[in-house]
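Protein chains in written order, with my numbering: chain A, 147 to 412; chain B, 16 to 359.
Glycine is no exception: its CB is placed at the ideal position from the N, C-alpha and C atoms.
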C-alpha cells in the first residue's frame, strides 16, 4: 500500500510538472462531447431502432461509450506503456535494483492512470448531464460490478501486452489487436446491432462489447442485475481465464528478459 | 566446503559464466528458416563472462579493471540479479544469486548513467520515491533522504529539479540513492566517468572516509582509471575477454610482471634519434623530446635492466649526449594492465 501511494504521488508530481498538458486533457473532454453532441443531432431518429435497448438517444449512448472506453485504453496501454517509458528513461533498471517486484512496479504505475480516467468519466457524465441534458439515473451497483470486472479483465490483457513489450521492446500485437478490434467491433461509437451478423458474432469475443452493453443498459435503462447477468457472467469468465494466463505469461517474459539480459533494454 | 566460503565472503562466485545469443538479422529468417534456441543449428553464443571465480571479503574495496567489453558490467548485473547466469554459482553474503528478493535488500548500485532518475522531480522527491521502493516507510524515506542529501552535500539543492543538477551532483545523488537502505555491499560502476578532477577527488574522499571507514560498506568498484583503482582498492581484479585474468593487491600485481624494472633518463645534447640508439637492446625504450633541442626523456623497461641501462648509457655518451639524470621506477599499474589485457 505504501509503495502504491509512492507511485501515485510520483505520477501526480510528474503530471503536474507538465501543467499545460494537464489542463489540455480537460478541454479535450469538452470538445469531444461537443463533436458528438452535434453528430447526435445529425443522426436523429433514424438510428432509434438500433438504440432502443439503450434508451433511444444517440448522445447518451455515445457519452457512455466515450466515458468508459477510457478504462479499456488504460487497461490495454498503461502497463506496457509503463515498462516502455521506464526502459527508455532508464528508470526501470533503478527500480529493478530495489527489492520491489516488477509486478508491483507495473501494477502500481497504473494507479494514477486508472484514477485519472475515473475522474475523466465523472467529468464526462457531469458535463453530459449539466450541459447537454443527458439523464443518468440507472442501476449504479450493477454498473459498478461491471466496471470492476471490466478493469480486472482489461488489466489481464494489459499485462499480456506488457509481457510482449518486455521481450519485443516495441510493437506488441495484443494492444494493436484489442485497440483496433475494440474500436471497430466493441460498440464505442455505434451499436453492435448495426453491423453484419458475422461481425456481431466476432464482437462477442471481446470483453469491451459485454462491458459497454451492460454499462449502457445499467445506466440508461436501469436494467436489473438479472437482466445484466449474461454480461456479468461473460466478464467474470474473461477475468477468470485471462488473469492466470496473464500472470504466467508475465513471469515467463521476465525470465526470458533476464536470460537475454534485456530487461532494461529498449 | 562451498557453504563456509560462501557465508564468509561478501561476494563469492564459482565458475560464473554468461553467454548471450545475439538476435539474427531478419533476412536469415527467410534464408535459413526458424531455428530453435537450443537446437544444434543455433547460433554460437557470445561469452560475456567466462568462468569467473571471485572472492570479495566484507569491508573490502575490490577494484575491477578492464577495457571496454571486458565483461565488468555484465558481471555486476549478474551479481545484482538483473540477469540470470548461464552456468556457475554465486552468492552475496551467503545468499544464493537465485534469491533476488533477498539479495536486493543488501546491495546498492550506482552507475555513471544519469538517466535513471526522474528529471522533472527534485532530488529529494526522487530519493523519497526510491526509499519506499527499498522498503522504507514514507516517514523513514523522508528522513533518510534528508540525511543522505546532507551527507553528499546536496542539501541546498535538494528541492531543485534533478534536470538542473551538474554531472557531479547527479553522481552524488546516485550514490545517495544506493545508500538509502543501508546496503552491506555497494557496486560502483564507473562512478567518476563524467566528473571533473575536483568532483572526482571529493568522491574519492567520500568513498574512503564515509563509506569504507565510517560505515564499513563492502564495495566493488569498476573503472577504466588505473589511478583511481590504485588509490581506492585493497585488491584489484583485471578482466579481459570475460575472464578474470589476474587479481591481487597493486604490489602483488606488479610483482607478477617479473623482474621488470623501469628507468627514466633525462638526456641533453643528443642529436641522433634515441630509437636508433636502442636498437638490439633487450629492452623497450620510449623517447620523447623535452627541453631545448637535443633534450630527451627516455623510458627504459627491461628484465635484465642493469646491463641494458649500462649499454644504453654507453651509446648515448658515444653519440655525444649528456646524461643529466637517471631515476629507477617501479612498474606502473598501466604496464600490469597492458600485460594482462594484451597477452590473453
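Less than 7 angstroms between C-beta atoms, sequence neighbours within five positions excluded: which residues of the same chain meet that for residue i?
| i | result |
| --- | --- |
| residue 342 of chain A | none |
| residue 324 of chain B | 278, 315 |
| residue 318 of chain A | 226, 307, 310, 311 |
| residue 250 of chain A | 149 |
| residue 218 of chain A | 300, 328, 354 |
| residue 72 of chain B | 24, 25 |
| residue 332 of chain A | 349, 352, 354, 355, 358 |
| residue 194 of chain B | 123, 163 |
| residue 381 of chain A | 292, 295, 296, 299, 353, 356, 357 |
| residue 389 of chain A | 298, 302 |
How would you list, in chain order, the residues of chain B whose beta-carbon sits under 7 angstroms from the beta-carbon of residue i?
| i | result |
| --- | --- |
| residue 362 of chain A | By Cβ distance, chain B contributes nothing, its closest Cβ being about 39 angstroms from residue 362 of chain A, past 7 angstroms. |
| residue 397 of chain A | Going along chain B, no residue has its Cβ under 7 angstroms from residue 397 of chain A, so there is no contact; the nearest lies around 13 angstroms. |
| residue 316 of chain A | Correct list: empty, because the minimum Cβ distance to chain B is about 13 angstroms. |
| residue 405 of chain A | 99 |
In its own chain, which residues sit with a C-beta less than 6 angstroms from the C-beta of residue i, not counting the 5 before and 5 after it?
| i | result |
| --- | --- |
| residue 185 of chain B | 129 |
| residue 310 of chain B | 283 |
| residue 301 of chain B | 314 |
| residue 396 of chain A | 305, 309 |
| residue 363 of chain A | 369 |
| residue 346 of chain A | 338 |
| residue 215 of chain B | 207 |
Using C-beta distances below 8 angstroms, list every residue in its chain close to residue i, excluding the 5 sequence neighbours before and after it, in chain order.
| i | result |
| --- | --- |
| residue 148 of chain A | none |
| residue 197 of chain A | 203, 204, 207, 337 |
| residue 422 of chain A | Summary: the structure shown does not reach residue 422 of chain A, with chain A confined to residues 147 through 412, and so no result is reported for it. |
| residue 188 of chain A | none |
| residue 297 of chain A | 217, 221, 260 |
Alpha carbon to alpha carbon, what distance is there between residue j and residue i?
| i | j | result |
| --- | --- | --- |
| residue 96 of chain B | residue 79 of chain B | 18 angstroms |
| residue 359 of chain B | residue 31 of chain B | For residue 359 of chain B, the predicted structure reports a pLDDT of 47, less than 50, and the residue's modelled location is therefore unreliable. The matter cannot be settled from this model. |
| residue 195 of chain A | residue 313 of chain A | 47 angstroms |
| residue 328 of chain B | residue 321 of chain B | 10 angstroms |
| residue 391 of chain A | residue 385 of chain A | 10 angstroms |
| residue 246 of chain B | residue 233 of chain B | 16 angstroms |
| residue 287 of chain B | residue 295 of chain B | 16 angstroms |
| residue 383 of chain A | residue 303 of chain A | 13 angstroms |
| residue 123 of chain B | residue 258 of chain B | 24 angstroms |
| residue 22 of chain B | residue 70 of chain B | 11 angstroms |
| residue 401 of chain A | residue 102 of chain B | 15 angstroms |
| residue 221 of chain A | residue 279 of chain A | 30 angstroms |
| residue 331 of chain B | residue 339 of chain B | 11 angstroms |
| residue 225 of chain B | residue 267 of chain B | 27 angstroms |
| residue 371 of chain A | residue 232 of chain A | 42 angstroms |
| residue 238 of chain A | residue 267 of chain A | 30 angstroms |
| residue 167 of chain A | residue 234 of chain A | 21 angstroms |
| residue 107 of chain B | residue 149 of chain B | 18 angstroms |
| residue 365 of chain A | residue 275 of chain A | 12 angstroms |
| residue 298 of chain B | residue 238 of chain B | 30 angstroms |
| residue 210 of chain A | residue 361 of chain A | 8 angstroms |
Residues of chain B with CB under 8 angstroms from residue i, in chain order?
| i | result |
| --- | --- |
| residue 400 of chain A | What residue 400 of chain A touches in chain B: nothing, since even the nearest Cβ is about 10 angstroms away. |
| residue 160 of chain A | 133, 135, 136 |
| residue 118 of chain A | This structure cannot settle anything about residue 118 of chain A, because the visible part of chain A is limited to 147 through 412. |
| residue 409 of chain A | 97, 98 |
Run down chain A in chain order and give the residues with a C-beta less than 9 angstroms from the C-beta of residue i.
| i | result |
| --- | --- |
| residue 14 of chain B | Chain B is shown only over 16 to 359; residue 14 of chain B falls outside these bounds and no answer can be derived. |
| residue 140 of chain B | 155, 156, 159 |
Would you mind telling me which residues of chain A sit closer than 7 angstroms to residue i, beta carbon to beta carbon, in chain order?
| i | result |
| --- | --- |
| residue 144 of chain B | 152, 156 |
| residue 150 of chain B | 245 |
| residue 128 of chain B | 236 |
Quick one: list the residues of chain B neighbouring residue i, beta-carbon separation under 9 angstroms, in chain order.
| i | result |
| --- | --- |
| residue 165 of chain A | None at all; the shortest Cβ gap to chain B is about 11 angstroms. |
Run through chain A and tell me which residues come within less than 8 angstroms of residue i, C-beta to C-beta.
| i | result |
| --- | --- |
| residue 92 of chain B | 407 |
| residue 35 of chain B | 406, 407 |
Taking 8 angstroms as the cut-off, is the CB of residue i close to at least one heavy atom of the ligand HEM?
| i | result |
| --- | --- |
| residue 344 of chain B | With respect to small molecules bound, the structure shown includes none, and the ligand HEM cannot be examined in it. |
Short-range partners of chain A found in the region 245 to 265 of chain B, where Cβ spacing is below 7 angstroms: Correct list: empty, as no residue qualifies.
Please identify, using Cβ separations under 8 angstroms, the residues of the region 224 to 247 of chain A that lie next to chain B, in order along the chain. Sequence-ordered contacts of the region 224 to 247 of chain A with chain B read 235, 236, 237, 239, 240, 241, 242, 243, 244, 245, 246, 247 [C-beta pairs closer than 8 angstroms].
Only counting runs of 3 or more residues, tell me where the beta strand (DSSP E) segments fall wholly within the region 149 to 222 of chain B, in order along the chain. Listed in chain order, the complete beta strand (DSSP E) runs (minimum 3 residues) inside the region 149 to 222 of chain B are 200 to 204.
At 3 residues or longer, what runs of the beta strand (DSSP E) sit wholly inside the region 216 to 298 of chain B? You should have 233 to 238, 250 to 255, 258 to 263, 276 to 283.
Ignoring anything shorter than 4 residues, give me the alpha helix (DSSP H) runs that lie fully in the region 216 to 289 of chain A, in order along the chain. Secondary structure in the region 216 to 289 of chain A: the alpha helix (DSSP H) runs of 4 residues or longer, each lying completely within the stretch, are 237 to 242, 248 to 254, 257 to 278 in chain order.
What runs of the beta strand (DSSP E), each 3 residues or longer, lie entirely inside the region 296 to 332 of chain B? Correct list: 298 to 304, 311 to 317.
Selection of the region 100 to 125 of chain B by Cβ proximity to chain A, strictly under 7 angstroms: Of all residues in the region 100 to 125 of chain B, those with a C-beta nearer than 7 angstroms to a C-beta of chain A are 116, 119, 120, 124, reading in chain order.
At a Cβ cut of 9 angstroms, what residues of the region 339 to 357 of chain B count as close to chain A, listed as they run along the chain? Hits within the stretch: zero.
Listed from N- to C-terminal order along the chain, which residues in the region 169 to 180 of chain A have their beta-carbon within a distance smaller than 9 angstroms of any beta-carbon of chain B? Of all residues in the region 169 to 180 of chain A, none places a beta-carbon less than 9 angstroms from a beta-carbon of chain B.
Ordered list of beta strand (DSSP E) runs contained in the region 46 to 122 of chain B, each at least 3 residues: As far as the region 46 to 122 of chain B is concerned, its whole beta strand (DSSP E) runs of at least 3 residues are 61 to 67, 76 to 80, 102 to 107.
Note down, one range per segment and in chain order, each beta strand (DSSP E) of at least 3 residues found wholly within the region 330 to 357 of chain B. Positions of the beta strand (DSSP E) runs, each at least 3 residues long and wholly inside the region 330 to 357 of chain B, are given as 337 to 344 in order along the chain.
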